[in-house]
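Numbering (our numbering), first residue to last: 364 to 581.
We put the beta carbon where it would ideally sit given N, CA and C, even for glycine.
Source: prediction; values computed, not measured.
Each remark here refers to the structure printed beneath this line.
Here you go:
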């Protein structure tokens, strides 16, 4: 009986020691598990590393945006700072019509510096100026004959139609005066309609009748 009790006491003592050892082992494993991640990296270090990675990525993105903004600013500055030289021009004095009085008035047109002064150019400048005043002129043909410029209008447009006598005369005067003032070698102007003698509701001129002879005024 005494031996039986002794064996029971030894068994209890051994069991207690085994339980204590296993408990310490589990506690130690738990502590290691809490402080260790896969591949032996400590969890605290891993979180710090991830935070640093995110910050580094954000910094890189910010750097890219800043670089892009700086580049855009530089491009804008370069574009805005670039000096664009205007093409050289020269003034050409012509005649147009005053919108209120329908009388002839002198104006100035600008053309490129290297433009050659021709009857066609002068006529185009006058036509454009009249168009700005809602007077639409249609020219059939411009030709030269010795010292004379011959301007032929179409029969279905101003100044031949839709024009009173005062406006019609002012249109003819503006065109003729502009031509002779800018073309010293052509001091005379003849007007025709569709290549034929000029005849409208208000005025009639012969086929070769000189409308303006600037040589006689000198």
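Taking the C-alpha atoms as reference points, what is the distance between residue 530 and residue 445?
-> Taking the chain shown and counting its residues from 1, the one referred to as residue 530 is at position 167. Taking the chain shown and counting its residues from 1, the one referred to as residue 445 is at position 82. Roughly 48 Å between the two C-alpha positions.
Helix, strand or coil at residue 579 according to DSSP, with G and I counted as helix | For the purposes of this step, residue 579 is taken as the residue at position 216 of the chain shown. It is helical.
Endpoints, the beta strand (DSSP E) within which residue 508 is located = Numbered from its first residue, the chain shown carries residue 508 at position 145. Residue 508 -> beta strand (DSSP E) spans 502-508.
Among 561, 457, 523, which has the Cα closest to the Cα of residue 467?
-> The residue you call residue 467 lines up with position 104 of the chain shown. Closest by alpha carbon: 457.
How big is the Cα-Cα spacing for residue 495 and residue 522?
-> Numbered from its first residue, the chain shown carries residue 495 at position 132. Numbered from its first residue, the chain shown carries residue 522 at position 159. Spanning the two alpha carbons is a distance of roughly 15 Å.
What does DSSP give as the partner residues of residue 559 in its beta bridges?
-> Residue numbering aside, residue 559 sits at position 196 when the chain shown is read from its first letter. DSSP, once it has assigned bridges, lists 556 as partnering residue 559.
Span of the alpha helix (DSSP H) holding residue 489?
-> Within the chain shown, numbered from 1, the residue matching residue 489 stands at position 126. Counting along the chain, the alpha helix (DSSP H) containing residue 489 begins and ends at 482-495.
Residue 521 beta carbon near the ligand MG (any heavy atom closer than 7 Å) | The model depicted lacks the ligand MG and carries no ligand whatsoever.
Could you tell me if residue 524 is buried or exposed, where buried requires 16 or more neighbouring beta carbons within 10 angstroms of its beta carbon?
-> For the purposes of this step, residue 524 is identified with residue 161 of the chain shown, where counting begins at 1. By the neighbour-count rule (16 or more Cβ atoms within 10 Å), residue 524 is not buried but exposed.
How many angstroms separate the CA atom of residue 477 from the CA atom of residue 540?
-> Here residue 477 corresponds to residue number 114 of the chain shown, with the count starting at 1. Here residue 540 corresponds to residue number 177 of the chain shown, with the count starting at 1. Going from the Cα of residue 477 to the Cα of residue 540 covers about 23 Å.
Kindly indicate which three-state DSSP category residue 573 falls into: helix, strand or coil?
-> Within the chain shown, numbered from 1, the residue matching residue 573 stands at position 210. If DSSP states are grouped into helix, strand and coil, residue 573 belongs with coil.
Per DSSP, what kind of secondary structure is residue 531 in: helix, strand or coil?
-> Your numbering for residue 531 matches position 168 in the chain shown. Residue 531 falls in the helix class under three-state DSSP.
The segment 551-565 in contact with the segment 485-502 per 3-pair CB rule at 8 Å | no
Proximity to residue 533 [Cα-Cα], best of 517, 518, 556, 489 | The sequence position of residue 533 within the chain shown is 170, counting from 1. Comparing alpha carbon positions, the residue from 517, 518, 556, 489 closest to residue 533 is 489.
Simplified DSSP assignment, three categories, for residue 460 | If you number the chain shown from 1, residue 460 lands on position 97. In the three-state reduction of the DSSP assignment, residue 460 falls in the strand class, which pools E and B.
Buried or exposed: residue 507, going by 16 or more other Cβ atoms within 10 Å of its Cβ?
-> Start at 1 with the first residue of the chain shown, and residue 507 comes out as number 144. Exposed, because fewer than 16 other Cβ atoms sit within 10 Å of the Cβ of residue 507.
Just how far apart, CA to CA, sit residue 450 and residue 493?
-> On the chain shown, position 87 is the one that residue 450 refers to. On the chain shown, position 130 is the one that residue 493 refers to. Taking the straight line from one Cα to the other gives about 25 Å.
May I have the straight-line CA-CA distance separating residue 483 from residue 573, to the nearest angstrom?
-> Within the chain shown, numbered from 1, the residue matching residue 483 stands at position 120. Within the chain shown, numbered from 1, the residue matching residue 573 stands at position 210. Here the alpha carbon of residue 483 sits roughly 19 Å from the alpha carbon of residue 573.
C-beta atoms of residue 569 and residue 503 nearer than 8 Å = Within the chain shown, numbered from 1, the residue matching residue 569 stands at position 206. Within the chain shown, numbered from 1, the residue matching residue 503 stands at position 140. Their beta carbons are not under 8 Å apart, which means residue 569 does not touch residue 503 by this criterion.
DSSP three-state call for residue 512: helix, strand or coil?
-> The sequence position of residue 512 within the chain shown is 149, counting from 1. Residue 512 falls in the strand class under three-state DSSP.
Residue span of the beta strand (DSSP E) that contains residue 548, given as start and end = On the chain shown, residue 548 is found 185 positions in, with the first residue counted as 1. It is not in any beta strand (DSSP E) - residue 548 carries neither H nor E in the DSSP assignment.
Out of 479, 528, 516, 518, which has the shortest C-alpha to C-alpha gap to residue 465?
-> To locate residue 465, count along the chain shown from 1; it is residue 102. Of the candidates 479, 528, 516, 518, the one whose C-alpha sits nearest the C-alpha of residue 465 is 528.
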